[in-house]
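Take a look at the structure set out below.
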Amino acid sequence: MNTISPSAPLATGRWRPSLQWLQGRLQVGRGLVASVPTLWLGLFFLIPFAVVLKISLAETAIAVPPYSALFDWDGAVANLSLNLGNYRFLFEDSLYLDAYLNSIKVAAISTLITLIVAYPMAFMIARSSPGRRVVLLSLVILPFWTSFLLRVYAWMGFLKKNGIINDLLLSLGIIDQPLTMLQTDFAVYLGIIYTYLPFMILPLYSTLEKLDDSLLEAAEDLGCRPLQRFWLVIVPLSLPGIVAGCLLVFIPAVGEFVIPALLGSSDTLMIGRVLWDEFFLNRDWPMASAVAILMLFFLVVPIMLLRNAQGRKEEAA
Amino acid sequence: MMRNPGYMKASAWLGFIFLYAPIVSLIVYSFNESKLVTVWGGFSFKWYAELLQNDQIIDAAMVSLRVAVISATLAVVLGTLAGFCLSRFGRFRGRLALSGMITAPLVMPEVITGLSLLLLFVALEGMFGWPAGRGTTTVIIAHTTFCMAYVAVIVQSRLASLDESLEEAAMDLGAHPSSLFFLVTLPLIAPALISGWLLSFTLSLDDLVIASFVSGPGNSTLPMVIFSKVRLGVTPEINALATLMILVVALGVLAAAWQMRRQARRAPAA
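Protein chains in written order, with my numbering: chain A, 9 to 325; chain B, 2 to 271.
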């Protein structure tokens, strides 16, 4: 039992703190320690959402800061004016719904392709000798530690009209005219797959590494062909890694801003970019707040529920 | 041991080429005399010299380094406390609130975190006059908040894999809860603290979106300057900057891999 403080003096005759008293003191001490990170997160993580909700109900105003006050005090009467217009606009203008659905589509497709690219890599690393495994794993982790922005920028040089890929294809005579690759949806998919590949490889590797060779041998002895063995034995056993990797890629990809901003065209609608533009280009803080609240309810809350369900399933297993 | 089928191996190597081709191109073209990406104008250090003379980039790099060091340190302190409370305190009041809030920043889109913190800072300034304007302080607060979540996760998983008997022994021997933490638990989880610090440092140094929301004029971080330059097109100075950053990271990862390899070799012998 680690809840009993062992420092109770054993001396008799003098006042002895009761076990309950000691436990109470421990509880108070623990409460104080725990309150530090809790208060920090409360102030800088939870309260901000209340502020966002409040401002999403305000109207845009030409002022500093650029929104109207919800509460009005005209000397005698307090007025509370809630403006639901921002939310009505969210559903009336198809831009927001389209952006939301398109973000989910782009994230889902790129997650699937990332899985297909990552699986053989994770498999090969898991089947290598221990010394080689460390080297290959470091090679996967290395890009993950280098600046994400600079790696996306590197793709701009590859995909441009007079970039490296077009130059190569032209000189080989495969194409006559340079292809338009930058500022297309294709570039956005490529950027997401490239950026989040290590996030997929690492969880896949950690489940594939634990794969028991004797199960594969048993499958072979029982007459399984290699492809059958892959689908019937290896894939089901690595399912936890597949799920974990897909969540790690899908979640940040949905709200992605940098990749569509640098590699996509102005038609590439993604919800993170819409919020950014509302705020920085249109200077419409209330509208940006309403988009944030929409994302929170239709994106973050479902993802958190999914994650919790996944966590509980793993605990039960 | 089962052998890898050939097509698996081939696609894996293609994957590695995919991962490294853009990085290699950045390094190669940072030494290109010509400003055009596809024209090789000869080897030169021209862009490195121009990088060192670019005050805007140097200043932004200084801001970013300062922010990253301070927020990584704060995030390690707060994240360790949170991780320790969650895995060692059993049930306590506020546990649900803390455990809910500590993982939430991990799934929060950056645009939401950035916007919500900015609006909080504006509201706080309106009510209490603090923080007066936006600058490095607000960026540090924002980075600490999202980095501490990562630290807490790392610390929690390290504590979960740790044998509790050492801590129990210390308690049986009469250690005060605070000396138990500082003399027994903390040294045991030191590797987790180091990797948490490094991860926070990298995340802070790399963040564009949150910093763009919460930083003020004259306090642009390095990613903000890179983003605004890159948007206008490819600039060779950025290639030089990227090469320098990749070099530093590669040395760090190589050192870590070498250390891991040594440990992996020693482990079976022990």
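Each residue gets a CB set at the ideal place from its N, CA and C atoms; glycine is no exception.
For residue j and residue i, believed in contact at Cβ under 8 Å, the rounded distance
i: B/SER221; j: B/HIS144; result: That pair is no contact at about 15 Å.
i: B/TYR21; j: B/ALA241; result: The Cβ separation is near 19 Å, so there is no contact.
i: B/GLY217; j: B/GLY134; result: 6 Å
i: A/GLY39; j: B/ARG94; result: 6 Å
i: A/PRO206; j: A/VAL148; result: 5 Å
i: A/LEU283; j: A/ALA296; result: 5 Å
i: B/THR146; j: A/PHE288; result: About 21 Å separates the two Cβ atoms, so there is no contact after all.
i: B/ALA251; j: A/LEU150; result: 6 Å
i: A/ALA298; j: A/LEU98; result: 6 Å
i: B/LEU189; j: B/LEU174; result: Wrong, their Cβ atoms sit about 16 Å apart, outside the cutoff.
i: B/MET128; j: A/LEU54; result: The pair is not a contact, with the Cβ atoms about 17 Å apart (cut-off 8 Å).
CB of residue i within 8 Å of CB of residue j, strictly
i: B/GLU111; j: A/GLY231; result: no
i: A/ALA261; j: B/LEU116; result: no
i: A/PHE160; j: A/VAL41; result: Sequence inspection shows Val at residue 160 of chain A; the Phe mentioned does not correspond to that position. Contact: no.
i: A/PHE131; j: B/MET9; result: yes
i: A/MET208; j: A/LEU123; result: yes
i: B/LEU163; j: B/ALA171; result: no
i: A/TRP48; j: B/LEU97; result: no
i: B/LEU82; j: A/PRO138; result: no
i: A/VAL125; j: B/MET261; result: no
i: A/LEU245; j: A/LEU219; result: yes
i: B/ALA258; j: A/SER146; result: yes
i: B/ILE247; j: B/ILE18; result: no
i: A/PRO128; j: B/GLY16; result: yes
i: B/SER158; j: A/ILE172; result: no
i: B/THR87; j: B/LEU99; result: Before going further, note that residue 87 of chain B is Leu rather than Thr in the sequence given. Yes, the pair counts as a contact, with Cβ atoms nearer than the cut-off.
i: A/TYR204; j: A/VAL257; result: yes
Chain-order list of residues whose beta-carbon lies under 7 Å from that of residue i (same chain, five-residue window excluded)
i: A/ASN110; result: LEU277, MET278
i: B/ASN55; result: GLU238
i: B/SER205; result: VAL68, ALA69, SER72, ALA73, HIS144, CYS148
i: B/VAL215; result: GLY115, LEU118, LEU119, PHE122, ARG135, THR139, VAL140, ALA143
i: B/LEU52; result: ILE58, GLU238, ALA241, LEU242
Identity of the residue in the options nearest residue i by Cα
i: A/LEU326; options: A/THR119, A/PHE97, A/LYS62, A/THR68; result: What is shown of chain A runs 9 to 325, which leaves residue 326 of chain A out entirely.
i: B/ILE28; options: B/ALA13, B/SER45, B/LEU15, B/GLY127; result: B/SER45
i: B/LEU245; options: A/PRO138, A/ASP220, A/THR154; result: A/THR154
i: A/ARG315; options: B/MET128, B/TRP131, B/VAL185, B/VAL108; result: B/VAL108
i: A/MET312; options: B/PRO106, B/GLY95, B/ARG94; result: B/PRO106
i: A/ILE121; options: A/TYR197, A/ALA296, A/LEU210; result: A/TYR197
i: A/SER222; options: A/LYS169, A/LYS168, A/ILE242, A/LEU178; result: A/ILE242
i: B/ALA191; options: B/GLU169, B/ASN33, B/LEU252, B/LEU160; result: B/LEU160
i: A/LEU304; options: A/PRO56, A/GLY319, A/GLN31; result: A/PRO56
i: B/ILE58; options: B/VAL25, B/GLY219, B/SER166; result: B/GLY219
i: B/ALA61; options: B/GLU168, B/PRO224, B/VAL254; result: B/PRO224
i: A/TYR202; options: A/LEU180, A/ALA162, A/THR215; result: A/ALA162
i: B/VAL64; options: B/ALA212, B/GLU126, B/SER35; result: B/ALA212
i: A/ILE200; options: A/ARG233, A/ASP275, A/PRO186, A/ILE117; result: A/ILE117
i: A/LEU302; options: A/LEU216, A/ASN290, A/TYR108, A/LEU235; result: A/TYR108
i: A/GLN35; options: B/TRP41, B/GLY91, B/GLU169; result: B/GLY91
i: A/GLY280; options: A/GLN318, A/GLN28, A/TYR104; result: A/TYR104
i: B/PHE85; options: B/GLN264, B/GLU165, B/ARG232, B/ILE113; result: B/GLU165
Proximal residues to residue i (C-beta, below 6 Å), its chain only, five neighbours per side dropped
i: B/VAL1; result: With chain B covering only 2 through 271, there is no way to say anything about residue 1 of chain B.
i: A/ASN10; result: Any reading at A/ASN10 is ruled out, since the residue's pLDDT is 46, under 50, leaving its predicted position unreliable.
i: A/VAL309; result: none
i: A/LEU167; result: MET189, LEU190, ALA195
i: A/TYR213; result: ALA130, ILE133, ALA134
i: A/GLY253; result: MET208, PRO211, LEU212
Residues near residue i in its chain [Cβ-Cβ closer than 8 Å; skip 5 each side]
i: A/ASN91; result: LEU65, ALA66, GLU67, SER76, PRO294
i: A/SER136; result: LEU144
i: B/LEU200; result: CYS148, TYR151, VAL152, ILE155
i: A/GLU228; result: ARG237
i: B/LEU125; result: TRP131, PRO132
i: B/LEU184; result: ALA171, ALA176
The ligand ATP heavy atom lying under 7 Å from the CB of residue i
i: A/ILE112; result: Absence of the ligand ATP is noted for the structure shown, with no ligands found whatsoever.
* To do: Determine which residues of the stretch 46 to 57 of chain B have a Cβ less than 9 Å from any Cβ of chain A, and write them out in chain order.
  => Against chain A - using a Cβ distance shorter than 9 Å - the stretch 46 to 57 of chain B contributes no residues.
* **Contacting positions in the stretch 132 to 145 of chain A - beta carbon closer than 7 Å to chain B** => For the stretch 132 to 145 of chain A, the set of residues with a beta-carbon nearer than 7 Å to any beta-carbon of chain B comprises MET132, ARG135, PRO138, GLY139, VAL142, VAL143, in chain order.
* Going along the chain, which residues of the stretch 30 to 51 of chain A sit with their C-beta nearer than 9 Å to a C-beta in chain B? -> For the stretch 30 to 51 of chain A, the beta-carbon criterion of a distance under 9 Å to any beta-carbon of chain B is satisfied by LEU34, GLN35, GLY37, ARG38, GLY39, VAL41, ALA42, SER43, VAL44, PRO45, THR46, TRP48, LEU49, GLY50, LEU51.
* Using a beta-carbon distance cut-off of less than 7 Å, what residues from the stretch 83 to 102 of chain B approach chain A? -> Those would be ALA83, CYS86, PHE90, GLY91, PHE93, ARG94, GLY95, ALA98, LEU99, MET102, in chain order.
* Below 8 Å between beta carbons is the criterion; list the residues of the stretch 22 to 38 of chain B that meet it against any residue of chain A, in chain order. => The residues in question are ALA22, PRO23, ILE24, SER26, LEU27, TYR30, LEU37, VAL38.
* For the stretch 155 to 170 of chain A, which residues have a beta carbon sitting closer than 8 Å to at least one beta carbon of chain B? -> Contacts with chain B (Cβ-Cβ distance below 8 Å) from the stretch 155 to 170 of chain A involve SER155, PHE156, LEU157, LEU158, ARG159, TYR161, ALA162, TRP163, MET164, GLY165, PHE166, LYS168, ASN170, listed in chain order.
* **Contact set between the stretch 207 to 229 of chain B and chain A, restricted to residues whose Cβ is under 7 Å from the partner** => Those would be ASP207, LEU209, VAL210, PRO224, ILE227, PHE228, in chain order.
* Between the stretch 282 to 300 of chain A and chain B, which residues of the former have CB atoms less than 8 Å from a CB of the latter, in chain order? -> With the criterion set as a beta carbon lying under 8 Å from some beta carbon of chain B, the members of the stretch 282 to 300 of chain A are LEU283, TRP284, PHE287, PHE288, TRP293, ALA296, SER297, ALA300, in sequence order.
* Asked: Residues in the stretch 174 to 193 of chain B with C-beta within 9 Å of chain A's C-beta atoms, listed in sequence order?
  -> If the cut-off is 9 Å between Cβ atoms, the stretch 174 to 193 of chain B has LEU174, GLY175, ALA176, HIS177, PRO178, SER179, PHE182 near chain A.
* Taking a Cβ distance cut-off of 9 Å, strictly less, list which residues of the stretch 201 to 233 of chain A are near chain B, in chain order. => Listed by position along the chain: ILE201, TYR202, LEU205, PRO206, ILE209, ASP221, LEU224, GLU225, GLU228.
* Asked: For the stretch 133 to 164 of chain B, which residues have a CB atom closer than 9 Å to at least one CB atom of chain A, in sequence order?
  -> Listed by position along the chain: ILE142, ALA143, THR145, THR146, PHE147, MET149, ALA150, ALA153.
* Taking Cβ-Cβ distances below 8 Å as the criterion, which residues of the stretch 245 to 262 of chain B are in contact with chain A? -> For the stretch 245 to 262 of chain B, the beta-carbon criterion of a distance under 8 Å to any beta-carbon of chain A is satisfied by MET246, ILE247, VAL250, ALA251, GLY253, VAL254, LEU255, ALA257, ALA258, MET261, ARG262.
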